Structure formats: structure tokens, C-alpha cells
Amino acid sequence: MENDKKILFSAIQPSGIPTIANYIGAIRNWLRLQDEYNCIYSIADLHCLTVEREPKDLREKSLELLALYIACGVDPQKTCLFMQSHVPAHAELTWILNTITYPGELSRMTQFKDKSRKHAQNVNMGLMDYPVLMASDILLYNTAVVPIGEDQKQHLELARDLAVRFNNKYGETFSVPEPIIPKVGARIMSLQDPLHKMSKSDANENGFISLSDDKDAVMRKFKRAVTDSGSEIRFAEDKPGVSNLLSIYSAFSGKSIAEAEKEFAGVGYGEFKLAVAEAVESVLSGIREKKKQLLADRAYLDGIMTEGAETARRLSGRMLSKVYRKVGLYTPKRDK
Ligand code: TRP
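Heads up, the sequence shown is in this note's numbering, so the first residue is 269 and it goes up one at a time.
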């Protein structure tokens with residue numbers, strides 16, 4: 269981290285295993301970015317507590333997600349990888365930022381409203397405060413850029429507002445982060461309902477391919493993927509099912525949509541779906557294998573996250589001290 273590259277921060281919640289949509293939309297982009305920026309990638313385990321979670325499952329998924337990041341090609345030598353809960357400054361800065369955040373701006377958040385509806389039995393303060401914790405994640409590291417999906421734009425906007433608000437009130441402290449939103453076109457939809465985004469929390473497991481699905485599941489789910497009327501394989505608005513499969517094929521094979529259309533001209537849906545499944549499986553099999561090896565070496569993974577947390581604690585500690593000083597919290601003089 270001791271060079272003059274800009275800081276990139278991103279995080280994923282360990283809520284279920286990411287899907288191929290997360291891989292194409294987020295994780296794979298991270299790989300390209302790790303040479304260009306100083307990348308800090310966190311596993312947002314504290315965020316996960318805002319909805320009901322089985323403690324044992326949360327613990328296991330957190331480790332599995334770390335293994336998965338590395339299996340996908342995130343390089344622990346180049347990046348800082350850590351668990352959010354291992355770095356106390358995230359929760360500490362959240363408290364400070366809470367004092368300049370208005371309840372109205374949190375209750376208006378689209379995700380808060382959606383999740384309140386979905387988890388009506390458990391609308392807790394954490395769920396509402398979720399975007400402030402996310403702002404803390406980002407602002408602690410002098411982050412310049414944050415790669416995010418469309419659904420997190422509003423949260424990033426809040427992080428920017430809070431940075432500016434704090435700076436205006438207490439003097440220049442935080443950098444104001446910019447979003448990097450991946451270009452559209454690679455939006456991957458549900459295999460069962462191609463008008464909706466593919467989601468790992470879909471109740472219908474046939475709708476998504478998780479990065480841990482085995483070969484049988486991958487083949488079976490693509491075989492069952494919904495297509496459209498007609499038999500032509502082309503990318504078009506009136507063919508959402510086929511278009512989605514073409515997007516997936518293109519993303520995993522590296523071929524353009526036009527090339528794919530040419531390749532599948534005159535081919536039946538069955539054969540087409542098989543080809544898409546194989547393109548995906550050829551990438552997933554490597555990731556699965558690597559993840560399995562990593563999970564068998566617990567000491568290695570513990571070492572990576574311990575080292576990552578040390579770096580993150582050092583960087584975030586500096587920022588937190590500055591914030592504490594600016595807001596007027598007393599710090600005793602230490603004898604050298
Ligand atoms: N809220 C993000 C999501 O669900 C995850 C996240 C937590 C995050 N902290 C972050 C993303 C900081 C970017 C930056 O996708």
C-alpha cells in the first residue's frame with residue numbers, strides 16, 4: 269500500500285454464495301482493477317447481522333467467501349483482504365457519522381424500505397443504519413473509487429454527502445469517493461424469470477447459478493432455463509430468455525454477442541443451452557477446485573485475513589484518530 273496509487277474499496281456481504289451475476293458484475297472486474305489501484309476488499313460480516321442469520325452459517329460463509337475471492341483471482345499479495353468485524357474502526361466511525369446523519373435520509377433509502385417489507389418481523393436499528401456503516405467502510409481509507417452496482421448507488425451517494433457534511437462542519441478530513449459503475453450490457457437475469465435480476469436470495473434455486481454449484485447443477489439449471497417463443501437465437505427485447513443466455517455465453521466465452529449469434533445460427537435451443545452451460549462450467553470448475561484447496565488450508569486463510577486486518581487497522585486507525593481529534597474528543601498526551 270506504500271505507493272501513490274489511488275485507493276479502491278469494495279465489500280461483499282457473506283450472505284449466501286455469490287452467483288455468476290456477482291462474478292460478472294463485480295468480482296471479475298475487481299481483478300482488472302487490482303493493478304490500477306490499491307485495492308481494499310472487505311467481507312461485510314457486520315452488515316449481515318441486520319437480517320436474521322444462523323450464527324454458525326454466518327461464520328462458515330464468511331470463511332468461504334474469503335476462499336472464493338482468492339479462488340476467483342483476487343491476489344492477497346496485491347490487495348488488502350479482511351473481515352469487517354476484525355477492524356473496530358468501522359463500528360467506531362459509524363457512531364460518529366450517526367451524529368451527523370438524519371433519520372429521514374435513512375428511512376427514505378430504497379433498500380431499507382424493501383428490506384423492511386421483506387423482513388417485517390425484524391425491522392431493527394441496524395437495518396436502518398446499514399448505509400452509515402457502509403459509509404464508514406468507505407471513508408476510513410481515503411477511498412477514491414468504489415465499484416458498485418446500480419442497487420448501491422444511493423448508499424454511495426450518502427457516503428459522499430456525509431463526507432462533505434463532516435468536512436464542512438469540522439474541516440477537511442475525508443476524501444469524497446467516486447463510484448465506478450460497470451458498463452451496462454452485462455446484466456445477468458434470472459434463468460427462470462429473465463425480466464428479473466439473477467439473485468442469490470431467489471427462492472427458486474433454478475433461477476441462479478452460484479459459484480459453488482457443481483457440474484450437475486450447472487448443466488441441469490441451464491437445461492431448465494426458460495427461453496422464448498420462436499426458435500431463433502438472437503439478442504432482442506422480445507427474446508429476454510435467449511438474450512440473457514447470449515449475455516452469459518458472451519461473458520464467459522469472451523466472444524461478442526454478434527459472434528455468438530453467428531455461432532448459434534440455425535442451432536436448436538437445446539444444443540444452445542448446453543453450449544452456454546459448458547462455457548460457464550469451464551470457468552466454474554477451476555474456481556471450485558481452487559476454493560476447495562484453499563478451504564482445506566485453514567491456517568493459510570486465517571493468515572491472509574489476519575494480515576489484511578492488521579493493514580486495515582493501521583490505515584483506518586489513522587483516520588479515526590483524526591476524526592476523534594476534529595470532533596473534540598480528548599486525547600491524553602503520551603510520553604515517548
Ligand atoms: N452493501 C454492499 C452490498 O450489499 C456491500 C458493502 C458493504 C459495500 N460495505 C461496502 C460495497 C462498501 C461497497 C463499499 O452490495
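Glycine included, every Cβ here is placed at the ideal spot set by N, Cα and C.
Just so it is clear, the structure is predicted and the values come from calculations on it, not from any experiment.
In the structure shown, Tyr309 adopts extended strand secondary structure according to DSSP, grouped into three states. Remark: the shortest separation between the CB of Phe277 and any heavy atom of the ligand TRP falls under 7 Å. Assignment of Ile285 by DSSP, reduced to helix, strand and coil, places it in the coil class.
In this structure, Thr347 sits near Tyr309, with a CB-CB distance shorter than 8 Å.
For the ligand TRP, a non-hydrogen atom lies closer than 7 Å to the CB of Asp405. Residue environment for Val432: exposed (fewer than 16 other C-beta atoms within 10 angstroms of its C-beta). Assignment of Phe350 by DSSP, reduced to helix, strand and coil, places it in the strand class. No residue range can be given for Leu463, since it is assigned to no alpha helix (DSSP H) and is classified by DSSP as neither H nor E.
Per DSSP, reduced to three states, the secondary structure at Ala279 is strand. Between the stretch 386–394 and the stretch 409–419, the count of C-beta pairs closer than 8 Å stays below three; the two stretches do not touch. No Cβ-Cβ contact shorter than 8 Å links Phe350 with Ala567. The three-state secondary structure of Val413, taken from DSSP, is strand. For His423, the distance from the CB to the nearest heavy atom of the ligand TRP is below 7 Å. Your pair Lys594 and Thr441 checks out as a contact, with CB atoms roughly 6 Å apart and the cut at 8 Å. Taking 8 Å as the cut-off, the Cβ atoms of Pro447 and Leu424 count as close. In the DSSP assignment, Glu446 falls within the unbroken beta strand (DSSP E) covering Glu446 to Ile448. Gln302 has its Cβ no nearer than 7 Å to any heavy atom of the ligand TRP. Residue environment analysis places His464 among the exposed positions, since fewer than 16 neighbouring C-beta atoms fall within 10 angstroms of its C-beta.
Annotation for Ala339 indicates a beta carbon at 7 Å or more from all heavy atoms of the ligand TRP.
Distance between Leu588 and Gly596, taken at the CA atoms: about 12 Å.
Ala412 and Thr362 have their alpha carbons spaced roughly 19 Å apart. Note on Pro356: under 16 other CB atoms within 10 angstroms of its CB, so exposed under the neighbour-count rule. CA-to-CA, the gap between Leu459 and Ser497 works out to about 15 Å.
Going by beta carbons, Ser499 and Gly538 fall outside the 8 Å limit. With a cutoff of 7 Å, His354 does not count as near the ligand TRP, since its C-beta is closer than that to no heavy atom of the ligand.
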